[in-house]
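These protein sequences, in sequence, are chains A and B. Per the working numbering, the first sequence starts with residue 1, numbered consecutively. Per the working numbering, the second sequence starts with residue 1, numbered consecutively. So the structure is just underneath, and the comments pick up after that.
There are 2 protein chains.
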Amino acid sequence: MIELPGLITDPAVLAGISHDEAEWAPVGRPAAALRAQSTVDVQRAVRVCAEQRVPVVPRGAGTGLSGGANATDGCLVLDLSRMREIVEIDTENLLAVVQPGVVNDDLKKAVAEHGLWYPPDPASAPWSTIGGNVATNAGGLCCLKYGVTRDYVLGMRVVMGGPAGDYGTEVSLGRRTTKGVAGYDLTGLFVGAEGTFGVITEITLRLRPAPTIAARTVVGAFHSLVDAGRAVALCTRRGLQPAALELLDRTCMEAVEEWKQLGIEPGTAAMLLARVDTPGDAEATALAEAFTEAGAAWAERSTDAVEAEALFAARRLAYPALERLGPVLTEDVCVPRSAVHLMLARIEETAARHQVRIATIAHAGDGNLHPLLLTPPGDDVARLAAQAAFDDILADALELGGTVTGEHGVGLLKRAGMERELGPEVTAVQRALKRTLDPLNLFNPTKVVGEL
Amino acid sequence: MIELPGLITDPAVLAGISHDEAEWAPVGRPAAALRAQSTVDVQRAVRVCAEQRVPVVPRGAGTGLSGGANATDGCLVLDLSRMREIVEIDTENLLAVVQPGVVNDDLKKAVAEHGLWYPPDPASAPWSTIGGNVATNAGGLCCLKYGVTRDYVLGMRVVMGGPAGDYGTEVSLGRRTTKGVAGYDLTGLFVGAEGTFGVITEITLRLRPAPTIAARTVVGAFHSLVDAGRAVALCTRRGLQPAALELLDRTCMEAVEEWKQLGIEPGTAAMLLARVDTPGDAEATALAEAFTEAGAAWAERSTDAVEAEALFAARRLAYPALERLGPVLTEDVCVPRSAVHLMLARIEETAARHQVRIATIAHAGDGNLHPLLLTPPGDDVARLAAQAAFDDILADALELGGTVTGEHGVGLLKRAGMERELGPEVTAVQRALKRTLDPLNLFNPTKVVGEL
């Protein structure tokens, strides 16, 4: 029996905060949940759970796509979304200190008022929390040029146990300086660890000066998906560095068009959208040229900020447009950039082979593809076919020198894929780190390195 | 008795490869040394050393400044400088695969032929190896804008033991893709671990397109060191992002002038040198304005590439100019950028209090200061005073919210400072990782987390 003030045991409430947004990831039945208001709440909960050997599953907004925040049987769900204070914005040193429950877009807005910018922009930015972004090392659109979440985390406070002391001990990792090499990079190790080493209670983030130049958009329409992939390779080879380089395939565009009637031409197999934030015309021109040379039916550039945003609308609408059609199983492979067109071709083959409808959104400039497997609601045969296609996509990505997860994390859905990618020796090293840092296997057990 | 083909036991040769360039760090007597030619050599050496419990001290060019490559008594010095093959330059994916002994500048030249750029630029770049750069997470001048070594390491191959298997097992960490979150970030953990987890045998590095714009230099001369520090803070606050922002104090400039007669005006207390690599004049103008507003006696901008380099000459010559005067104990603190002027003032006070001559070079834009403690050769009293000053500088950096090492690493010289900075809990976590990954304490023992 867990005894803590404010403990939630109402089954309906528990059900609502027992899972993230991953389709088909297993969800256990938690013993209880707690909405922590402070570090002291987190410490007390961890202490009590350690005594009773109750697993602790930390969560933020629950927007994850790999089951990393799903409850395990008998666990305490530790909801951090109410710890949402922006503790400090340091304009002199371009950094912010935040609690884990601060929503990404709220932080962006708060720092923008000081002429600063927090770049990481996962698609979930309007809802997802910084704690969750850090736990999964979230990517997004602008990481092509500006890096992923890890590149912005200078330090953090974590409630942990094991070598740090009794479970419930809070430690401070990292620093407030731009550089520093005093000891092993624990901050970097805890970023992307999906809450399996401890509970993040505070994060120190690097900021950038706000961009001073309005972004422009370059759009290219392609008659073939593979040509679009080739255009991406050409941009990379020419050293072009747009702030984003996104790809939408035909299924995405049809779903958007059906819903919102943006006037996307039928017959377009793929669209590339580049965002340019350098001064002058040179970069936009070079991108449009590369698109055309790779076989684009047409390539267009925005003339003002409103048009730039309008041209990006299809990208933002793609995911919700597809979700209207039924459950979406979101893949997240990343391949070397030169292999994007090969991976796209394989995804088309996989879709045909398994008779599964697959729509692909890609952070193409990074080689990070999100094939979205669409199934009619309640159709078990289609679901099995989609799961087989999911496995084939992972195998193809590995064969092309890629990874099974570019930015969504391992959670529950990618455990087998991760082991296949890393091999037994490196998997054993991963497990050894988990045992060392969390000897009771208290924090988010079964995730990442958890046994299948 | 170690038995390996090619073993070096000649005391004179051993003495030459038993230490790095750190002044006053303790140097042990190795049992032998081996110049590895291949991964197989490394694996065999590690296997034999593990059987006989002979510590393995890996080294590259030995340009380190913290004693990280210094021999420990009875160890095998494993010299990797002959493993200097550039295995691959992948122009399609902007990456290179190299052996650890490749010299930084050699890699820069090789990738430049393909229109590519490897940014990390420690001052040792003409001699230091990529393996050493990775082991220490080397910084440099351009990390202000382009990041440190860690930001360029995508993956590596490492000969290790412990959870990976028998000592001598080679594992592959990381990836070739730009993004990836499959498991804990072992690559990041091994970068900066100073060879205490294993021996790096191959590294996969991210590259950038070669810069297309010639760099320009903006120089500001200040009558007061503290004004120069304020100029740095002003540049940061205004969101200026030069590719480098370096500071030289009076002692540096006098040493350079005495040696090379560049025509630096006497009476200048500090000089700031900024490198600008964005198109147009805006950034250089804004930097010059910030220098002037902060109280610069004058601020000048280069008009062509030759002049830009000439203006930077004083920075490049400072260290060798000072070394002519006697042993140089190189400090490496990093403070929040807003505290640079406070740290500079404290260094001046420390120099006066201990009667030690201190010259300060700083990557000022990063808050990373290198106070260089100068002592007449053979003067033991001066040496004790310098060591006391060294400790005071570390304490001051910590008091200002900084770190005891910005880019040189812990090695032997900063072990006590690191413990003071991290505190007992985090130090215990560091030690636990070392015990897990190297249970025999075979790899570079006594360094970083090694007991004092």
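By construction, the Cβ of each residue, glycine as well, lies at the ideal position given by its N, Cα and C atoms. Here the structure is a predicted model, which is why all the values come from computation and not from measurement.
Contact set between residue i and chain A, taken where Cβ atoms lie within less than 8 angstroms
i: GLN430 of chain B; result: GLY183, TYR184, LEU186
i: GLY64 of chain B; result: Neighbours of GLY64 of chain B on chain A: none; closest Cβ ~12 angstroms, over 8 angstroms.
i: THR405 of chain B; result: GLY180, VAL181, ALA182
i: LEU472 of chain B; result: The question about residue 472 of chain B has no answer here: the residues shown for chain B are numbered 1 through 452.
CB of residue i within 8 angstroms of CB of residue j, strictly
i: ARG346 of chain B; j: THR251 of chain B; result: no
i: ALA321 of chain A; j: ALA255 of chain A; result: yes
i: TRP506 of chain A; j: THR63 of chain A; result: Beyond the ends of chain A as shown, which are 1 and 452, falls residue 506 of chain A; an answer cannot be given.
i: ALA308 of chain A; j: LEU272 of chain A; result: no
i: THR129 of chain B; j: PRO100 of chain B; result: yes
i: LEU245 of chain A; j: VAL232 of chain A; result: yes
i: MET418 of chain B; j: GLY183 of chain A; result: yes
i: GLY188 of chain A; j: ARG150 of chain A; result: yes
i: ALA269 of chain A; j: PHE222 of chain A; result: yes
i: ALA314 of chain B; j: ILE264 of chain B; result: yes
i: LEU234 of chain A; j: ALA286 of chain A; result: no
i: ASP106 of chain A; j: ALA36 of chain A; result: no
Which of helix, strand or coil DSSP assigns to residue i
i: LEU207 of chain B; result: coil
i: LEU4 of chain B; result: coil
i: ARG35 of chain B; result: strand
i: THR9 of chain B; result: coil
i: GLU92 of chain B; result: coil
i: MET160 of chain A; result: strand
i: VAL54 of chain A; result: coil
i: GLU300 of chain B; result: strand
i: ALA244 of chain A; result: strand
i: GLU85 of chain B; result: coil
i: ASP380 of chain A; result: helix
i: CYS75 of chain B; result: coil
i: ALA398 of chain B; result: Correcting the residue identity first, residue 398 of chain B is Leu in this sequence and not Ala. Helix.
i: TRP259 of chain B; result: helix
i: GLY220 of chain A; result: strand
i: SER338 of chain B; result: helix
i: VAL171 of chain A; result: strand
i: GLY423 of chain A; result: helix
i: LEU433 of chain B; result: helix
i: ILE130 of chain B; result: helix
C-alpha distance - residue i paired with residue j, whole-angstrom precision
i: LEU4 of chain A; j: VAL102 of chain A; result: 24 angstroms
i: ASP455 of chain B; j: ASN137 of chain A; result: A query on residue 455 of chain B cannot be resolved here, the shown segment of chain B reaching from 1 to 452 and no further.
i: LYS145 of chain B; j: GLY365 of chain B; result: 9 angstroms
i: PRO435 of chain B; j: ASN441 of chain B; result: Reading off the sequence shown, one finds Arg at residue 435 of chain B, where the question assumed Pro. Cα to Cα, the separation comes out at about 7 angstroms.
i: VAL148 of chain A; j: ALA69 of chain A; result: 20 angstroms
i: ASP73 of chain B; j: ALA25 of chain B; result: 14 angstroms
i: SER124 of chain A; j: GLU170 of chain A; result: 29 angstroms
i: GLY409 of chain B; j: ALA284 of chain A; result: 42 angstroms
i: ARG216 of chain B; j: ALA305 of chain B; result: 6 angstroms
i: GLY16 of chain B; j: VAL134 of chain B; result: 23 angstroms
i: THR278 of chain A; j: ALA288 of chain A; result: 15 angstroms
i: LEU154 of chain B; j: PRO120 of chain B; result: 14 angstroms
i: GLY6 of chain A; j: VAL42 of chain A; result: 12 angstroms
i: ALA96 of chain A; j: GLU85 of chain B; result: 43 angstroms
i: ASN230 of chain A; j: HIS341 of chain A; result: Per the sequence shown, residue 230 of chain A should be read as Arg rather than Asn. Going by the C-alpha atoms only, they are around 6 angstroms apart.
Chain A residues whose Cβ lies nearer than 9 angstroms to that of residue i
i: PRO279 of chain B; result: THR278, PRO279, GLY280, ALA282
Neighbour list for residue i in chain B, Cβ cutoff strictly below 9 angstroms
i: MET418 of chain A; result: ALA182, GLY183
i: LYS145 of chain A; result: In chain order: nothing, as chain B lies at least about 11 angstroms away.
Chain-ordered chain A contacts of residue i [CB-CB under 7 angstroms]
i: ASN137 of chain B; result: VAL181
i: LEU422 of chain B; result: ALA182, GLY183
- Message: By the 9 angstroms beta-carbon criterion, what residues does the stretch 220-241 of chain A contribute toward chain B?
- Response: ALA233, THR236, ARG237, ARG238, GLY239, LEU240, GLN241
- Query: What residues from the stretch 154-169 of chain A come within 9 angstroms of chain B, judged by C-beta to C-beta, listed N to C?
  - Reply: MET160, GLY162, PRO163, ALA164, GLY165, THR169
- Task: Note down, in chain order, all residues in the stretch 103-132 of chain B with a beta-carbon under 7 angstroms from any beta-carbon belonging to chain D.
- Result: No chain D appears in the structure shown, which is made up of the protein chains A and B.
- Message: Output needed in chain order: residues of the stretch 330-341 of chain A with a Cβ under 7 angstroms from some Cβ in chain B.
- Response: CYS334, VAL335, PRO336, ARG337, SER338
- Item | Interfacial residues, the stretch 355-377 of chain A to chain B, with Cβ spacing under 7 angstroms | ASP366, GLY367, ASN368
- Would you list, in chain order, the members of the stretch 87-102 of chain A that have their beta-carbon closer than 7 angstroms to a beta-carbon of chain B? THR91, GLU92, ASN93, LEU94
- Message: Any C-beta of chain A within less than 9 angstroms: which residues of the stretch 3-34 of chain B qualify?
- Response: none
- Mind checking the stretch 434-448 of chain B against chain A and listing, in chain order, the residues whose C-beta falls within less than 9 angstroms of any C-beta there? LYS434, ARG435, THR436, LEU437, VAL448
- Could you run through the stretch 200-213 of chain A and flag, in chain order, every residue whose CB is less than 9 angstroms away from some CB of chain B? ARG208, PRO209, ALA210, THR212
- Message: For the stretch 39-58 of chain B, list every residue whose C-beta sits within 8 angstroms of some C-beta in chain A, in sequence order.
- Response: none
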